[in-house]
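A short worksheet on the structure shown next.
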Amino acid sequence: MASTPDSHNAVVHDGLVVHDLSRRFGPRWVLARVGFDVPPGDALLVVGHNGCGKTTLLRCLATALKIHHGSARFGGLDMWENRAELRHKVALLSHDSHLYEDLSARQNLDVWAKMGGLHKDLDALLERVGLEHTGKRPVRAFSAGMRRRLALARVLLKDPSLILFDEPFSALDPAGRATVAGVLQELRERGATILLSTHHHEIGARFADQAMRMKEGRIVWKGPSHELLSSGGHP
Amino acid sequence: MTLLKQSLAVAYKDLLTEWRQPSRIAGVFFFCFALLLLFAFAMPNTQMLSDIAGGTLWLGLLLASTRSLDQSFHLEMENGALEGMVLWPVPPLAMFYGKALANALLLTLVTLALTPLVVVLYHPVWNGDIPTFLGIVALGCLALAAPGTLVAALSVQARGSSALLPLLMFPLVVPVVVAASKATTLHLEGDIMSQVDDWMRLLVMFNLAHWALDGWLFTRIAEDG
Chain L
360 MASTPDSHNA VVHDGLVVHD LSRRFGPRWV LARVGFDVPP GDALLVVGHN
410 GCGKTTLLRC LATALKIHHG SARFGGLDMW ENRAELRHKV ALLSHDSHLY
460 EDLSARQNLD VWAKMGGLHK DLDALLERVG LEHTGKRPVR AFSAGMRRRL
510 ALARVLLKDP SLILFDEPFS ALDPAGRATV AGVLQELRER GATILLSTHH
560 HEIGARFADQ AMRMKEGRIV WKGPSHELLS SGGHP
Chain A
982 MTLLKQSLAV AYKDLLTEWR QPSRIAGVFF FCFALLLLFA FAMPNTQMLS
1032 DIAGGTLWLG LLLASTRSLD QSFHLEMENG ALEGMVLWPV PPLAMFYGKA
1082 LANALLLTLV TLALTPLVVV LYHPVWNGDI PTFLGIVALG CLALAAPGTL
1132 VAALSVQARG SSALLPLLMF PLVVPVVVAA SKATTLHLEG DIMSQVDDWM
1182 RLLVMFNLAH WALDGWLFTR IAEDG
C-alpha cells in the first residue's frame, strides 16, 4: 500500500484507489489531496484526532458526500459517477445508526431487507450480534451499545464488498467490542475490503496490516500497523 | 427489484412505524376533530353548518395534514435514516412514491374516521352514494399527499420546518381544497346539475400532474452530495 498520491495513476487493482481526494464545506477544505489504496480483501486502519477529516473521508467513500477534487475508485469504477451501482457493494457503519426508533430490532432489519430486496436469515443476524432476545422492544429503549450492534447487523444484511467502519467500538462494553471484533475477523476471512477508523488503534491494528494517520484533512503518516502500535499511536 | 416493489416496501415501513407509535396519527385525528368542533361552535346557525360541512372537513384535513407530513420526514432524520435509504440504495423515486402513498393512506384513514363526526356535528344533507364519496376522499387525499410529501422533504432540514411547511404547501394545494370541497358538498346535496364529475376530473388531473412532476423534483433534491 505504501504509495504517495502522485504515484496513484500507476496503481492497478480492483480494490479501493483514492487519488488526490479533496472535499470542502463552504470555503473550508476539510480533506486536502488525500491519496492511498487498499487492495481487494485488505484492511486499512485510519487514525487521527477528532476533526482531522476521518469521518468526512469515509462519507466521501460511501458516496454520501460528493468529492470536490480528485477521485476514488472501487472495483475499477469511479465511486461518484457509478454511485448507483456501487452503493449495492459499499456499506458504511457511521455515527448515525440509520435505525427507526419505534421499530423493534427484527422489524428494523426486516424493513431494510424489504427496501433492498434482500433475503437473509434475520434471526441468525440478530443472534450474530447478540440481540436475539430483544423481542418487540423498540430501538428507542435500547442502550447505545445495543444500537451499535443492531447498526452492525444492518450493515451485514447487505453483504458488502467494501465496508467503511467509523468508530465501530465506541459506546460498546467489552462483550460488544468482542462481538464487533469477531465480525471484523469474519469479514476479513470472507475477503471484504475494509476501512476502519477508530481511536482504539490497539484493537484496530489487529485487523489491518496497514495504517495511516490524518491531521487537518491530510495524511501525515502511512505505514505498517505494528509501527503505529509500537509508537503508541503517534508514529 | 422493481420500482413498484421498492415503493411498496417504503410505504410498508412508514405504515409499520405509524402502527408501532399510534399516538402520532391519533394526534392528527384529534387536532382535526378539535378544528371541526371549533368551527361548529363558531357558526351562528345550523343551516350554515350543514352548508359548509364538506368544505370544513377538507380545511380541517389540510391543516392536520401538515402535522402528519412534517412528522413523516422527521422520523427519517432521527438517526440519519434518510441518508441510510439513499446509500442502501433505495431509488429516490421509490422513496417519494412510498412515502407519498403512506401519507395518502393515513390521510384517507383520518378522513374516514372523521366523516361520522362531521355528520353528527354539522348535520349535512346526505343524498349521495357512498362509493362516489369514497372516490372523492381518495382523490383528495392523494392530491394532498404528493405535493405535501415533496414540500415536507424540502423543509425538513430547515430551522422551523413546521412553520415553513404550510407556507410552502398551502399555495400549491388551493385547487385541491376547492375541488374536493365543491365535489363533497355537491355530492352530499345530491348533485342535481351533475357537476361532481367535473370537480373529480380536476382532482384526477391534479394528481396526474403532481404525482409525475413531484416525483421527478424529489429525485433532483434527494442527492445534492
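Residue numbers (my numbering), protein chains in the order written: chain L, 360 to 594; chain A, 982 to 1206.
Just so it is clear, CB atoms sit at the ideal spot from N, CA and C, and this is done for glycine as well.
Computed from a prediction, not measured in an experiment: that's the story for all the values here.
| Item | Value |
| --- | --- |
| In terms of residue numbering, what span does the alpha helix (DSSP H) encompassing K574(L) cover? | Looking at the DSSP string, K574(L) is not in any alpha helix (DSSP H); the run it does join, the beta strand (DSSP E), is 569 to 574. |
| Assign E460(L) to one of two classes, buried (16 or more other C-beta atoms within 10 Å of its C-beta) or exposed (fewer than that). | buried |
| Tell whether a beta-carbon distance below 8 Å holds between L404(L) and L555(L). | yes |
| Identify each residue in the stretch 1118 to 1139 of chain A for which the Cβ-Cβ distance to at least one residue of chain D is less than 9 Å, and report them in chain order. | In the structure shown, chain D cannot be found, because the protein chains are L and A. |
| Along chain A, which residues have their Cβ under 7 Å away from the Cβ of M423(L)? | Contrary to the premise, residue 423(L) reads as Ala rather than Met in this sequence. Within chain A, the residues near A423(L) are E1064, L1068. |
| Please classify L1189(A): is it buried, with 16 or more other beta-carbons within 10 angstroms of its beta-carbon, or exposed? | exposed |
| Looking at the structure shown, is Q544(L) part of a helix, part of a strand, or coil, going by DSSP? | helix |
| Can you check which of these residues, L1050(A), V1157(A), P1025(A), is closest to L1145(A) by C-alpha distance? | L1050(A) |
| If the criterion is Cβ atoms closer than 8 Å, does the pair L1123(A) and A1085(A) meet it? | yes |
| Decide yes or no for the touch test of the stretch 1005 to 1022 of chain A against the stretch 488 to 498 of chain L: beta carbon pairs closer than 8 Å, at least 3 of them. | no |
| With three or more beta-carbon pairs closer than 8 Å as the criterion, would you say the stretch 1104 to 1115 of chain A touches the stretch 1162 to 1182 of chain A? | yes |
| Tell me whether the beta-carbon of D1195(A) lies closer than 8 Å to the beta-carbon of A1083(A). | no |
| Could you tell me which chain A residues have their CB closer than 7 Å to the CB of P497(L), listed as they occur along the chain? | R1001 |
| Could you give the distance in angstroms between the alpha-carbon of W388(L) and the alpha-carbon of I578(L)? | 14 Å |
| So D379(L) and H428(L) are in contact, right, with Cβ under 8 Å, and what is the actual spacing, rounded? | 7 Å |
| Can you check DSSP and say which residues form a bridge with H378(L)? | S430(L) |
| Who pairs with P583(L) in a beta bridge, going by DSSP? | Q569(L) |
| When the Cα atoms are used, what is the spatial distance from G1041(A) to L1087(A)? | 15 Å |
| Output yes if chain L places a C-beta closer than 8 Å to the C-beta of K994(A); else output no. | yes |
| Any Cβ of chain L within less than 8 Å of the Cβ of A1085(A)? | no |
| For P1073(A), collect the residues of the same chain with a Cβ closer than 8 Å to its Cβ; drop the 5 residues on either side in sequence, then sort them by chain order. | V1067, F1199, T1200, A1203, E1204 |
| Do you know offhand how far G400(L)'s Cα is from A567(L)'s? | 11 Å |
| Classify L984(A) as buried or exposed, calling it buried when 16 or more other Cβ atoms lie within 10 Å of its own Cβ. | exposed |
| Determine the direct distance from the alpha carbon of L477(L) to that of V991(A), and round the result to whole angstroms. | 14 Å |
| Give a yes or no on whether the minimum CB-CB distance between R446(L) and chain A is below 8 Å. | yes |
| So that I know if they touch, is there some Cβ in chain A lying closer than 8 Å to that of G475(L)? | yes |
| May I ask you to list the residues that DSSP assigns as paired with P497(L)? | S463(L) |
| Taking beta-carbon pairs under 7 Å, can you tell me which members of the stretch 458 to 469 of chain L lie near chain A? | L458, Y459, E460, D461, L462, Q466 |
| What does DSSP give as the partner residue(s) for R678(L) in the beta ladder? | The structure shown has nothing for residue 678(L), since chain L only spans 360 to 594. |
| Taking only beta-carbon atoms, is L1074(A) less than 8 Å away from chain L? | no |
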